[in-house]
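J.: Here's a structure for you.
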Amino acid sequence: AEMLDLLNTSHLEINAIVLTSAIRSCWGWGAKQHQAAKYFWDLFQKFDVKPDNVAFTALVGAYITAPLEYILSAKADMARSGIRPSHVFAETYLCSVVQLDLKGR
């Protein structure tokens, strides 16, 4: 978050690559990684940046610790945006859903 604040105050462009990288950096940070990813995801709207397939893939990967509703909502948002899932997205999505099921969430 500090890096994004620095980018914003230095008047450098905050784009999909920067935000996607921030979301991807949340992977592996434990039980609350989905909350951090959601914070960065919300910045897409704040900075009027359109997410792409890679951004949605990073998001659902970070949502491996999230309630199932978060994952399903991300997939629905992707469909509403008219973005077709890639093979990488599909694999990441399924891994997040299965991991949730295995953990009994």
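Under our numbering, the letters of the sequence shown match residues 855 to 959, in that order.
For glycine and all other residues, C-beta sits at the position ideal for the given N, C-alpha and C.
Remember, it's a predicted structure, so these values are computed and weren't measured experimentally.
1) Any idea if Gly915 is buried or exposed, counting beta-carbon neighbours within 10 angstroms, 16 or more meaning buried?
2) Kindly indicate which three-state DSSP category Ile918 falls into: helix, strand or coil?
3) Taking the Cβ atom as the reference point for each residue, do Ile925 and Tyr947 lie within a distance shorter than 8 Å?
4) Considering only residues of the same chain and omitting the five flanking positions on each side of Val903, which have a CB-CB separation below 8 Å?
5) Could you pull the start and end residues of the alpha helix (DSSP H) that Trp895 belongs to?
6) Excluding the five sequence neighbours on either side, which residues of its own chain have a C-beta within less than 6 Å of the C-beta of Cys880, listed in chain order?
7) With DSSP as the reference, label Thr946 as helix, strand or coil.
8) When you compare the CB positions of Ala928 and Ile877, do they come within less than 8 Å of one another, or not?
9) Does Lys929 come out as helix, strand or coil in the three-state DSSP assignment?
10) Between Gly884, Ala912, Lys900 and His865, which has its C-alpha nearest Ser940's C-alpha?
T.: From the atom records:
1) Under a 10 Å Cβ-count criterion, Gly915 is classified as buried, with 16 or more other Cβ atoms of the shown protein chains found around its own Cβ.
2) Reduced to three states, the DSSP call for Ile918 is helix.
3) Yes.
4) So the list reads Ile868, Asn869, Ala870, Leu873 and Leu897, once near-sequence residues are dropped.
5) Unbroken alpha helix (DSSP H) run through Trp895: Gln887 to Lys900.
6) The residues are Gln887, Ala890, Ala891 and Ala916.
7) Three-state DSSP puts Thr946 in a helix.
8) No, they are not a contact pair.
9) Three-state result, Lys929: helix.
10) The option with the nearest alpha carbon to Ser940 is Ala912.
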